[in-house]
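Asks: These protein sequence lines map, in sequence, to chains A and B. With the first sequence counted from 1, adding 37 to any position gets you the working numbering. With the second sequence counted from 1, adding 394 to any position gets you the working numbering. Idealized CB from N, CA, C, for every residue including glycine. Fair warning: this is a prediction, and the values are worked out from it, not measured in the lab. Sharing a structure, written as structure tokens. Questions coming.
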Amino acid sequence: MGAAINNTAILRRTPFLPSVRTLTVGIAAILFVALCALPTIYMFVVSFVNANGSFSLANYRLLLTETRQRELLLTSIQLGAGTAVLATAIGVPLGMLLARADLPAKRFLRVALIVPLVLPSYMLALAWIYVGGSAGLAAQLIGRDLLSRWTYSLTGAILVLGLSLYPLSMLATEAAARRVEASLEEAALLVAGPRRTVWSITLPLIAPSIAGAALLTFVLALSEFSVPAVLRVRVFTTEVFTAFAALYDFGAATGRATPMLALALIAGVVVNLVVGDRWLTSRRSTRTGLPLPLGRWRALAIAGSAIVLAFAVVLPLVVLTLAAGRLSRITTALNASVQAITNSLLLAVIGATLILVLGLALGYGRGRARARFKELVDLGFIIVFAVPSTVVGVGLIGLWNRSGWPGQVYSSAAIIVIAYLARFVPVAALILAASVRQIPKSFEESAELSGASWLRVFFRIVLPQMKTGLAAAWVVAFIFAFGELGATVLVAPPGESTLPVRVYTLIANTRSSEVAALALMQALVILIPLALLGTFASNGGKR
Amino acid sequence: MIRGTNHLWLLTLLSLALILAACGGRQQNANVSSGAPGEVTIYVSTDRVFSEPILKAYEQKTGVKVNAVYDTEETKSTGLANRLLAEKNNAQADVFWSNEPVRTLVLKKRDVLAPYKSPAANGIPATFKDAEGYWTGFSARMRVLVYNTKLVKPEEAPQSVFDLADPKWKGQVAIADPRFGTMSFHSAALYAELGDQRADEFFRKLKANDVHVVAANSVVLDMVARGEAKIGLTDTDDVNVALEDKQPVAMIFPDRNGLGVPIMPNMVSLIAGAPHAEAAKKLIDYLLSLEVERLLAQSEAVQVPLHEGVEPPKNIPAINSFKPMTLDYGKAADRVEDVTRRLQSILGL
């Protein structure tokens, strides 16, 4: 830990940032405000204006007076926290295993374990109903309905969301565990056993990444609408939703989103207080940390992974396949969706790449920012990420749908990419900030002392060391962008747009077999490139 | 490793180039098409499975390119009415085709629509047309009771929505969330017909009867078909799909002698400031034609034609064979906001 403290000291002594660096981070910050924050700011301005065009607090008064809002908020907190805990409990051990342990078929396991994240969570909830509903598979097998009380409950919603979101925690843990300074662990090994070393050196060092992922999970579960709706859990998102769908009142909807933003903010502050801003350092870019000796626990680790695989991946896929009935339904759905699939893949690749670039500049700025400033930056990212997608979508329309060049952007597919950026740049920035912090500032300083320009240092020294973080951020951004529905459906130009929009417009009131077929098709389409990428990335890592 | 970073550069440049190309491409399109009748944009909330073939047929027939935006189920996104409201100051759509009355009437109130009285609507009864021409109704669905035929005998099946409050069905009834979709129309219609006091009382009894309030009408149907509930309240098209699939369900037109059956026509409207207004009117004329009513009647949506002389769909009686709920759609739609608030507290939503 001594090295860590020294590094912080060096950082504090840096009087100012060199200009190219300031410029890069500055431009990124301006883009962030313009693309990501402005739609929300626009909506908040709208929420303070009443029908007559004058200032009003009417949209906020209800929040304080209605008791039901408090009850809903409490359920939402339980859902968010429960999901974050469950997802972390599943994701961290899996991430550690993937990073360090000697497991069979690890490459396959990594891709397979990401599957729940690419299945739309709504479909996962459906799959659970097919299993645990009062007339579900379980009830048919046992002959009696034992599960439905749990399926249609807060517990059920936490279970479904936890099983759908743990891959975030897994990816974050793996990325961080691969970058832990090996010498720290080696030093600990001199006095303690390997398990104790993992427990008291490795885990605390990667705690910021774990906490960051837990925070993202919390926010995602908090803003989830369809899973609680399907499992009949009344949560706060319904409030925002009702304001849009039943009252058509943008101001009220935005006003009602504030408690959720406040919750995200509080969660962010709590995480910051608990984990603090630890510095992780790494001197070796080639080693991937200490191998985790499993010993007699190896069987247990394999069994654990298999159980997660069975419940989170195999079961929903099998159930959905059964519900789809015939495989031909899936291929038919696939054939009819070629245009939407091409659009989605292209837009998600473009979106994820731009998200990565912007997130990288922001994450770097945040990782190297002064102490007081950085917490504010983190909280800014979290709040922007917590804004409900519909609010973002309506805000984007308000900003971009006007005559002149913004209108031309609005009526083109570029607006979909902007929607992706608006929603997911904060995620990439948070992941990449964690990644930047793992690289000692001294590397950059020594390179700069020997005369290298900042750009050269950044591309030759910083970036190469962030490879895992960059890959994780890109994959997460790609998955999120590919699955984005709430904002896309509002801004996508007329004509065939993205795959989720196609799937969700087709499943409106259609039979459950078609729904299952479309869900499987959507999962397949995103899994294939991910599997290819997974194989490619592992090969790259070995090189 | 350096190669890796070069990939990132390349990918970024490529992405930016593609975006510029996308903007540029659309721009060119827009220049060519502005003013020309070769194109029309329609926002459709009628299920895509049913509406897309009709729009494709129109494209083939006329050569006019139809750019459509379809809606999702209410519980999955906020949908097109909000998009139309948000786009009001710079309209992108020419036509709005709604699958129920409430949203259209909200849009009329918020000045999103423009009047157009289509000559194609002459054969449609006046109840289903706006006197000012802001909307025209066609092919209708009904709100119906559905029951599981394995669990409920036909002679026991309820005949009125008020039977759902009967303690004999305690815990056995499913309805969709009355804040969204066609159930919101149905609830508002009940309030408009019964008055606040009687309607409040009815919903309180439902609550006391442990009614299941589920996400959507399709879920209601699913629950009844699977026997998770014995009876539900849903739309004709949902029941028909289940009947086609040979599921153990049957439908009943509720209150066909009393209050009347709630009828929900599709509604089509011209958008104020439509970029292709002339093309829009032609498309509206087509949608109101006998041909479209026939297509929708023959489809799985089994929508009942409002023109006289078009054959009704199988499984569904003709529109003049039962008593419709005498409804002023404007009045019912005006109640939605207030009814939403009332039901939130009565049903504990």
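When the cut-off is 7 Å and only beta carbons count, does A/A162 lie next to chain B?
Replies: Taking the first residue of the first sequence as position 1, residue 162 of chain A is located at position 125. With 7 Å as the cut-off, A/A162 does not count as an interface residue toward chain B.
Asks: At a CB-CB cut-off below 9 Å, which residues of chain A make contact with B/G432?
Replies: As a first step, residue 432 of chain B is located in the second sequence; it is residue number 38 there, counting from the start. Correct list: empty, because the minimum Cβ distance to chain A is about 14 Å.
Asks: Please report how far the alpha carbon of A/R216 lies from the alpha carbon of A/T102, in whole angstroms.
Replies: Against the first sequence, residue 216 of chain A aligns to sequence position 179. Against the first sequence, residue 102 of chain A aligns to sequence position 65. Their backbone Cα atoms lie some 49 Å apart in a straight line.
Asks: State the Cα-Cα distance for the pair B/G652 and B/K717, rounded to the nearest angstrom.
Replies: Here residue 652 of chain B is taken as the residue at index 258 of the second sequence, counted from 1. Here residue 717 of chain B is taken as the residue at index 323 of the second sequence, counted from 1. The alpha-carbon atoms of B/G652 and B/K717 are separated by roughly 8 Å.
Asks: Could you compute how far the alpha carbon of A/G132 sits from the alpha carbon of A/L205?
Replies: For the purposes of this step, residue 132 of chain A is taken as residue 95 along the first sequence, with counting starting at 1. For the purposes of this step, residue 205 of chain A is taken as residue 168 along the first sequence, with counting starting at 1. Looking at the two C-alpha atoms, the distance is approximately 10 Å.
Asks: At a CB-CB cut-off below 9 Å, which residues of chain B make contact with A/Y401?
Replies: Taking the first residue of the first sequence as position 1, residue 401 of chain A is located at position 364. Under the 9 Å cutoff, chain B gives no residues; its nearest Cβ is about 14 Å from A/Y401.
Asks: Got a sec: is the Cβ-Cβ distance from B/A609 to anything in chain A below 7 Å?
Replies: By one-based count along the second sequence, residue 609 of chain B stands at place 215. With 7 Å as the cut-off, B/A609 counts as an interface residue toward chain A.
Asks: Given B/E526, which residues of its chain have a CB within under 6 Å of its CB, disregarding the five upstream and five downstream residues?
Replies: Position 132 of the second sequence, counting from 1, holds the residue named residue 526 of chain B. Excluding sequence neighbours, B/E526 sits near P509.
Asks: Can you find at least 3 beta carbon pairs, one from the segment 616-632 of chain B and one from the segment 529-544 of chain A, that sit closer than 8 Å?
Replies: no
Asks: Could you say which of B/A691, B/E687 and B/T720 lies nearest to B/P707 if we only look at CA atoms?
Replies: The residue labelled residue 707 of chain B in the question sits at position 313 within the second sequence. B/P707 has its Cα closest to that of B/A691, out of B/A691, B/E687 and B/T720.
Asks: So, at 6 Å on beta carbons, what are the nonlocal neighbours of A/L331 in its own chain, with the 5 sequence-adjacent residues on each side left out?
Replies: To locate residue 331 of chain A, count along the first sequence from 1; it is residue 294. Result list for A/L331: A138 and A338, in chain order.
Asks: Under 7 Å Cβ to Cβ from A/A529, same chain only, skipping five residues before and after it: list those, please.
Replies: Reading the first sequence from its first residue, position 492 is the one you call residue 529 of chain A. Excluding sequence neighbours, A/A529 sits near I453, T535 and V538.
Asks: B/A480 and A/V351 - do their beta-carbons sit closer together than 7 Å?
Replies: What you label residue 351 of chain A is simply residue 314 of the first sequence in a count that begins at 1. What you label residue 480 of chain B is simply residue 86 of the second sequence in a count that begins at 1. Contact flag unset, no.
Asks: Does the CB of B/Y464 have a neighbour CB from chain A at under 7 Å?
Replies: What you label residue 464 of chain B is simply residue 70 of the second sequence in a count that begins at 1. Judged by the 7 Å Cβ criterion, B/Y464 is in contact with chain A.
Asks: Any C-beta of chain B within less than 7 Å: which residues of the segment 553-565 of chain A qualify?
Replies: none
Asks: To the nearest angstrom, report how far apart B/L737 and B/R650 are at their CA atoms.
Replies: For the purposes of this step, residue 737 of chain B is taken as the residue at position 343 of the second sequence. For the purposes of this step, residue 650 of chain B is taken as the residue at position 256 of the second sequence. Going from the Cα of B/L737 to the Cα of B/R650 covers about 25 Å.
Asks: What is the DSSP secondary structure of A/P353, reduced to helix, strand or coil?
Replies: The sequence position of residue 353 of chain A within the first sequence is 316, counting from 1. Note: A/P353 maps to helix in three-state DSSP.
Asks: Let's test the definition: count the other Cβ atoms within 10 Å of the Cβ of A/R439 and tell me whether it reaches 16, buried, or not, exposed.
Replies: Within the first sequence, the letter at position 402 stands for residue 439 of chain A. Burial call: exposed.
Asks: Who are the neighbours of B/T435 on chain A, taking C-beta pairs under 7 Å?
Replies: For the purposes of this step, residue 435 of chain B is taken as residue 41 along the second sequence, with counting starting at 1. Ordered by position in chain A, the residues that pass the 7 Å Cβ test against B/T435 are P531.
Asks: At least one CB of chain B closer than 7 Å to the CB of A/I434: is that the case?
Replies: Here the question's residue 434 of chain A lines up with position 397 in the first sequence. A/I434 counts as touching chain B.
Asks: For the segment 601-627 of chain B, list every residue whose C-beta sits within 8 Å of some C-beta in chain A, in sequence order.
Replies: H606, V607, V608, A609, A610, N611, S612, V613, D616, R620, G621 and E622
Asks: Which value, in whole angstroms, describes the spacing of the CA atoms of A/I455 and A/G199?
Replies: In the first sequence, residue 455 of chain A corresponds to position 418, counting from 1. In the first sequence, residue 199 of chain A corresponds to position 162, counting from 1. Distance between the alpha carbons of A/I455 and A/G199: 29 Å.
Asks: Where does the unbroken beta strand (DSSP E) through B/I625 begin, and where does it stop?
Replies: Along the second sequence, one-based indexing puts residue 625 of chain B at 231. Element bounds for B/I625: I625 to D629.
Asks: Flag B/D488 as yes if its beta-carbon sits less than 7 Å from any beta-carbon of chain A, otherwise no.
Replies: In the second sequence, counting from the first residue as 1, residue 488 of chain B sits at position 94. False, the Cβ-Cβ gap to chain A never drops below 7 Å.
Asks: Tell me the residue span of the alpha helix (DSSP H) that contains A/S246.
Replies: Within the first sequence, numbered from 1, the residue matching residue 246 of chain A stands at position 209. Note, A/S246: alpha helix (DSSP H), L240 to L259.
Asks: Cβ atoms of A/M160 and A/A556: under 7 Å apart, would you say?
Replies: If you number the first sequence from 1, residue 556 of chain A lands on position 519. If you number the first sequence from 1, residue 160 of chain A lands on position 123. Yes, the Cβ-Cβ distance between A/A556 and A/M160 is below 7 Å.
Asks: Alpha carbon to alpha carbon, how far is A/Y285 from A/L458? Give it in angstroms, no decimals.
Replies: For the purposes of this step, residue 458 of chain A is taken as residue 421 along the first sequence, with counting starting at 1. For the purposes of this step, residue 285 of chain A is taken as residue 248 along the first sequence, with counting starting at 1. Cα to Cα, the separation comes out at about 26 Å.
Asks: In chain A, which residues lie with their C-beta within 9 Å of the C-beta of B/G473?
Replies: In the second sequence, the residue the question calls residue 473 of chain B occupies position 79. Within chain A, the residues near B/G473 are F281, A282, V526 and L527.
Asks: Look up B/I657 in the DSSP assignment and say whether it is helix, strand or coil.
Replies: Against the second sequence, residue 657 of chain B aligns to sequence position 263. Strand at B/I657.
Asks: Tell whether a beta-carbon distance below 7 Å holds between B/A534 and B/A568.
Replies: Position 140 of the second sequence, counted from the first residue, corresponds to residue 534 of chain B. Position 174 of the second sequence, counted from the first residue, corresponds to residue 568 of chain B. Cβ atoms of B/A534 and B/A568: not closer than 7 Å.
Asks: How long is the line joining the alpha carbons of A/L146 and A/T358, rounded to whole angstroms?
Replies: Within the first sequence, the letter at position 109 stands for residue 146 of chain A. Within the first sequence, the letter at position 321 stands for residue 358 of chain A. Rounded to whole angstroms, A/L146 to A/T358 spans 21 Å at the Cα level.
Asks: Please go through the same chain and pick out, in chain order, the residues whose beta-carbon is closer than 6 Å to the beta-carbon of A/A251, but skip the five residues on each side of it.
Replies: Here residue 251 of chain A refers to the residue found at position 214 of the first sequence. Once the five neighbours on either side are set aside, the close Cβ partners of A/A251 are A121 and T125.
Asks: For the segment 670-702 of chain B, list every residue whose C-beta sits within 8 Å of some C-beta in chain A, in sequence order.
Replies: none
Asks: Write down the C-beta distance between A/P265 and A/V272 rounded to the nearest angstrom, noting that I regard them as a contact closer than 8 Å.
Replies: As a working mapping, residue 265 of chain A is identified with position 228 in the first sequence. As a working mapping, residue 272 of chain A is identified with position 235 in the first sequence. Their Cβ separation, rounded to whole angstroms, is 5 Å, which keeps A/P265 and A/V272 in contact under 8 Å.
Asks: When you compare the CB of A/V452 with every CB in chain B, is at least one pair closer than 7 Å?
Replies: To locate residue 452 of chain A, count along the first sequence from 1; it is residue 415. Per the sequence shown, the amino acid found at residue 452 of chain A is Ile instead of Val. Cβ-Cβ to chain B under 7 Å: no for A/I452.
Asks: Please confirm if B/A727 has its CB atom under 7 Å from at least one CB of chain A.
Replies: Locating residue 727 of chain B in the second sequence gives position 333, where the first residue counts as 1. So, not an interface residue.
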